[in-house]
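In this note's numbering, the protein residues as written are 2 to 206. Beta carbons: idealized from backbone N, C-alpha and C, even for Gly. Have a look at the structure below before the remarks.
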Amino acid sequence: MERYCKVCFEKIKFSFLRNMIESKYSICSSCQEKIKVDFSSIKVDGVKIKFLSLYDGLLKNMLLSYKESNDFELRDSILYFFLPYIKLYSLNCIFVPIPSSKESNSKRGFNHLVEILKVHKLKYIDALENVSTKNQKELAANKRMNNKNIVINKNAYQLQDKKIILFDDVYTTGSTFISSVNAIKKISPKKIKGLIIMKNQFQIN
Ligand SMILES: [Zn+2]
């Protein structure tokens with residue numbers, strides 16, 4: 002079967018063997034090379050966060066098409082390149098997506114992080130709610146730093162004594178991440194770590 006790159010729409014040319022192994026491959030090699038891979042990590046409030054890429058280049062464009070222009074087809078392509086690494090990093094862990102505001106979710110029509118986890122069959126529990134009414138972007142930076150807009154929901158109790166990974170797409174000020182850590186700590190998970198697809202380097206000091 003012929004396959005086309007979901008980013009540039011060019012035909013994907015792989016060897017027969019690679020075609021067999023990577024039968025669901027959805028990005029061509031030249032597009033993959035345009036991903037600004039950056040496996041750095043930081044520690045925030047005692048929680049280690051792993052990044053996969055800079056908030057730049059092809060992956061940034063893909064994410065924006067997916068979540069802002071509702072290009073739902075891209076849900077399996079954003080993490081594809083990193084999957085082997087993610088599977089290793091998340092061994093025996095349960096993902097907890099960091100929630101967007103209800104406003105952004107209903108505008109989009111889907112929860113973009115949940116759909117990514119689902120398509121790759123990564124075990125997750127939707128345990129957090131974002132109760133803020135204003136879109137994060139509209140709030141001044143100093144207000145964002147102080148908001149406590151993330152709370153646990155009833156699903157969170159399944160995570161007691163479990164190893165969890167807080168999962169988000171872009172790290173900017175870290176306020177949403179910290180708010181999520183504080184919320185999830187209430188049910189005493191065994192371990193908390195973070196995985197964030199892209200690091201907005203211009204915002205991190
Ligand atoms: Zn391509």
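Proximal residues to valine 132 (C-beta, below 7 Å), its chain only, five neighbours per side dropped
Indexing the sequence shown from 1 puts residue 132 at position 131. For valine 132, where only same-chain residues beyond five positions count, the Cβ hits under 7 Å are Asn150 and Val152.
Using 10 angstroms around the beta-carbon of serine 1, count the other beta-carbons present and answer buried if the total reaches 16, otherwise exposed.
Residue 1 lies beyond the residue range present for the chain, which begins at 2 and ends at 206; the question has no answer from this structure.
What does DSSP give as the partner residue(s) for asparagine 150 in the beta ladder?
Here residue 150 refers to the residue found at position 149 when the sequence shown is read from its first residue. Assignment of beta-bridge partners to asparagine 150 by DSSP yields no partner.
Using the Cα positions of isoleucine 166 and glutamine 202, report the straight-line distance between them to the nearest angstrom.
The residue labelled residue 166 in the question sits at position 165 within the sequence shown. The residue labelled residue 202 in the question sits at position 201 within the sequence shown. Straight-line Cα distance between these residues: approximately 21 Å.
When you compare only the Cα positions, how much space is there between isoleucine 188 and lysine 164?
Numbered from its first residue, the sequence shown carries residue 188 at position 187. Numbered from its first residue, the sequence shown carries residue 164 at position 163. Looking at the two C-alpha atoms, the distance is approximately 12 Å.
Can you give the beta carbon distance from phenylalanine 168 to isoleucine 99, rounded, assuming they're within the 8 Å contact cut?
Position 167 of the sequence shown holds residue 168. Position 98 of the sequence shown holds residue 99. Indeed they touch by this definition, with Cβ atoms about 6 Å apart.
Under the three-state reduction of DSSP, which class applies to phenylalanine 83: helix, strand or coil?
As a first step, residue 83 must be located in the sequence shown, where it is residue number 82. Note: phenylalanine 83 maps to helix in three-state DSSP.
How would you label leucine 92, buried or exposed, when you count the other beta carbons within 10 angstroms and need 16 or more for buried?
Taking the sequence shown and counting its residues from 1, the one referred to as residue 92 is at position 91. Exposed.
From the DSSP secondary-structure annotation, give me the bridge partner or partners of aspartate 169.
In the sequence shown, the residue the question calls residue 169 occupies position 168. Aspartate 169 is bridged to Ile197.
Taking all protein chains shown into account, decide if aspartate 77 is buried (16 or more other Cβ within 10 angstroms of its Cβ) or exposed.
Locating residue 77 in the sequence shown gives position 76, counting from the first residue. With 16 or more other Cβ atoms within 10 Å, it is buried.
When DSSP labels each residue in this structure, what does phenylalanine 178 get in the three-state scheme?
As a first step, residue 178 is located in the sequence shown; it is residue number 177 there, counting from the start. The answer is helix: DSSP assigns phenylalanine 178 an H, G or I state.
Which first and last residues belong to the beta strand (DSSP E) in which valine 120 is found?
For the purposes of this step, residue 120 is identified with residue 119 of the sequence shown, where counting begins at 1. Segment 113-120 is the alpha helix (DSSP H) holding valine 120; no beta strand (DSSP E) there.
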